[in-house]
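Asker: According to numbering that gives the first Met the number 0, the sequence shown holds residues 0 to 345 in order.
A virtual CB, placed ideally from N, CA and C, is assigned to each residue, including glycine.
From a predicted model like this one, the values you see are computed outputs, not experimental measurements.
Mind looking over this structure? Questions follow.
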Amino acid sequence: MIDLLVAGGGPAGLATAIHGALAGLEAVVLEPRPTPIDKACGEGLMPGAVRRFEELGVTAPGRAFRGIRYVDGVTGLRAEGLFRAGPGRGCRRTDLQAALAERAAQLGVRVLARRVGEVRQDGRRVWAAGLTARYLVAADGLHSPVRRGLGLAVPAVPGRPARYGLRRHYAVPPWSDLVEVHWGPGAEAYVTPLGPDRIGVAVLTSEQAPFDVHLGRFPLLASRLPAPPPSGPGAGVRGAGPLRQRARSRVAGRVLFVGDAAGYVDALTGEGLTLAVAAAGELVRCVRAGRPQEYERAWRDLSRGYRALTSSLLWARRRPPLAARIVTLAARMPRVFTGAVNLLAD
């Protein structure tokens, strides 16, 4: 019988399968889409994520960055926080997934082109996609069909604007070895160095509009960007949202949730992949010990800092007078800002 049947072949699912294989478990991944899979993503790995992927035997390709820079999108005021425990890495989502898929294959993890469909379980096993396993791991993304099918999705809070993410690549040499977060009216723009001649620009906003409309709210940033190519790599815009997704639980019998499927606050602090790969390790530890119910507490402990800081920044973002002062406050309190950056970095 399969030990871990993993629904989803993105970074969270592959990291879970790799953790499982390294722990001596048989892991099978279900992913109907061909590898590599692209999606809207800031594509910046914090130092903690870089380290955890290396512990799995995966070296993320891309370009190193030394910290985070907040920039007022109109005035250009800056605040910088440098990492104390080594660099982060700007890495194309497709390159990261390809590296994870290669490592999983080296460890004997099978990837089957199947959808999960209906999930059934009893006290000893789970049935899905025509297969039987001891446990099913749902790593099927922000809008997890498994989470929804098991009735674990929590409705959105009425009256709270949904947030969305948009990403485009530009063929331009990075002008900084920091990830820049430009704060503008109602939106943030993230600039991540991805290689010697490529950057990624991701916009987070609660207003639905074309990418170039949002970019126009950051005149200093827009002035540094070339026109995107009419076709080919970097030409298209990827989108995702609503970003906030809540789950009633991370454990439902023998079904466990990891990555975005476990619940997501926002991309504002850039911790999604760090949490995903760390949680994948805790999930496998709990399963291997025969105590899957302990994973819920482990996930809450791992995600507490991310949830608290991200929720606090979102609270400030929803109050325009306060949001307009975020960069000013960060610049006036460099030690506090650097401390917050390093709290996220691990």
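Mind checking PRO333: buried by the 16 CB within 10 Å criterion, or exposed?
Answerer: It counts as exposed.
Asker: According to DSSP, GLY183 sits in a beta bridge with which residue or residues?
Answerer: In the DSSP output, where bridge partners are listed per residue, GLY183 has ALA186.
Asker: Taking LEU151 as the reference, which of CYS40, GLU53, GLU25 and ARG247 has the closest Cα?
Answerer: Looking at the Cα atoms, ARG247 is the closest of the given residues.
Asker: So that I know if they touch, is there some Cβ in chain C lying closer than 8 angstroms to that of ARG245?
Answerer: Here chain C cannot be found, since the structure has a single protein chain.
Asker: Nearest by alpha-carbon distance to ALA226: which of PRO157, PRO241, GLY240 and PHE210 is it?
Answerer: Measuring from the Cα of ALA226, the nearest candidate turns out to be PHE210.
Asker: Report, in whole angstroms, the separation of the C-beta atoms of VAL14 and VAL276, which I expect to be a contact under 8 angstroms.
Answerer: Residue identity differs from the one stated: residue 14 is Ala in this sequence, not Val. ALA14 to VAL276, Cβ: 5 angstroms. Contact.
Asker: With DSSP collapsed to three states, give me the class of PRO192.
Answerer: Strand.
Asker: Just the C-alpha distance for SER143 and ALA330, rounded to the nearest angstrom, thanks.
Answerer: In a straight line, the C-alpha of SER143 is about 39 angstroms away from that of ALA330.
Asker: Select from LEU3, ALA208, ALA20 and LEU111 the residue whose C-alpha is nearest the C-alpha of ARG32.
Answerer: When each option's Cα is compared against that of ARG32, the closest is LEU111.
Asker: Please state the DSSP three-state secondary structure of GLU79.
Answerer: Reduced to three states, the DSSP call for GLU79 is strand.
Asker: Okay, do the region 80-92 and the region 45-52 touch, 3+ Cβ pairs below 8 angstroms being the bar?
Answerer: Judged by Cβ distances under 8 angstroms, the region 80-92 makes contact with the region 45-52, as three or more pairs qualify.
Asker: Per DSSP, which residues does PHE64 bridge with? Please list them.
Answerer: Per DSSP, GLY87.
Asker: CA-CA distance, THR204 and LEU242?
Answerer: C-alpha separation (whole angstroms): 10 angstroms.
Asker: In angstroms, rounded to a whole number, what distance separates the CA positions of ALA344 and VAL145?
Answerer: If you take the alpha carbons of ALA344 and VAL145, they lie about 30 angstroms apart.
Asker: Do the CB positions of ASP126 and ARG133 come within less than 8 angstroms of each other?
Answerer: For clarity, residue 126 is Trp in the given sequence; the question names Asp instead. Not closer than 8 angstroms, so no.
Asker: So ARG102 and GLU179 are supposed to be a Cβ contact under 8 angstroms. How far apart are they, rounded?
Answerer: That belief does not hold up - the Cβ atoms of ARG102 and GLU179 are roughly 31 angstroms apart, past 8 angstroms.
Asker: Is the beta carbon of LEU3 sitting closer than 8 angstroms to the one on VAL250?
Answerer: No, the pair does not count as a contact, with Cβ atoms beyond the cut-off.
Asker: Considering just the uninterrupted stretch of the alpha helix (DSSP H) at ARG176, what are its terminal residues?
Answerer: One point to set straight first is that residue 176 is Asp, not Arg, in the sequence displayed. Careful: ASP176 lies outside any alpha helix (DSSP H) and carries neither H nor E.
Asker: Between MET0 and the rest of its own chain, which residues show a CB-CB distance below 8 angstroms, the 5 nearest in sequence each way excluded?
Answerer: Excluding residues within five positions, the ones whose Cβ falls inside 8 angstroms are ARG124, THR131, ALA132 and ARG133.
Asker: Counting beta carbon pairs with one atom in the region 213-227 and one in the region 92-109, are three or more of them shorter than 8 angstroms?
Answerer: Segments in contact, no.
Asker: Take GLY400 and list the residues in its own chain whose beta-carbon comes closer than 6 angstroms to its own, dropping the five residues that flank it on each side.
Answerer: Because residue 400 is not part of the residues shown, which for the chain are 0 to 345, the question remains open.
Asker: Measuring alpha carbon to alpha carbon, tell me which of GLU206, GLY183, TYR169 and TRP182 ends up nearest THR191.
Answerer: Of the candidates GLU206, GLY183, TYR169 and TRP182, the one whose C-alpha sits nearest the C-alpha of THR191 is TYR169.
Asker: Cα-Cα, which of LEU282, GLY199 and GLN244 is closest to GLU42?
Answerer: The option with the nearest alpha carbon to GLU42 is GLY199.
Asker: Can you tell me which of LEU308, GLY164, LEU224 and SER175 puts its alpha carbon nearest to the alpha carbon of ALA208?
Answerer: The residue with the shortest Cα to Cα distance from ALA208 is GLY164.
Asker: In three-state DSSP terms, what is ASP37?
Answerer: ASP37 falls in the coil class under three-state DSSP.
Asker: Measuring alpha carbon to alpha carbon, tell me which residue in ALA278, ILE325, LEU282 and LEU272 is nearest LEU95.
Answerer: Closest option to LEU95, Cα to Cα, is LEU272.
Asker: Report the rounded CA-to-CA distance for ASP259 versus HIS181, giving the unit in angstroms.
Answerer: The straight-line gap from Cα to Cα measures roughly 24 angstroms.
Asker: Tell me the residue span of the beta strand (DSSP E) that contains ARG306.
Answerer: Segment 294-316 is the alpha helix (DSSP H) holding ARG306; no beta strand (DSSP E) there.
Asker: For a quick check, are the C-beta atoms of PHE336 and ALA78 less than 8 angstroms apart?
Answerer: Yes, Cβ-Cβ distance for PHE336 and ALA78 is below 8 angstroms.
Asker: Tell me the rounded alpha-carbon separation between GLU25 and GLY129.
Answerer: Near 17 angstroms, if we compare the C-alpha coordinates of GLY129 and GLU25.
Asker: Helix, strand or coil for ASP2 per DSSP?
Answerer: Reduced to three states, the DSSP call for ASP2 is strand.
Asker: List the endpoints of the continuous beta strand (DSSP E) containing ARG167.
Answerer: Element bounds for ARG167: 163-169.
Asker: Kindly list the residues whose CB is nearer than 7 angstroms to the CB of THR327, restricted to its own chain and excluding five residues on each side of it in sequence; keep chain order.
Answerer: If we look at THR327 and ignore the five residues flanking it on each side, its Cβ neighbours are LEU76.
Asker: Which first and last residues belong to the beta strand (DSSP E) in which ALA266 is found?
Answerer: Note, ALA266: premise wrong, no beta strand (DSSP E); not H, not E.
Asker: Would the beta-carbon of VAL108 fall within 8 angstroms of that of ALA221?
Answerer: Taking 8 angstroms as the Cβ cut-off, VAL108 and ALA221 do not qualify as a contacting pair.
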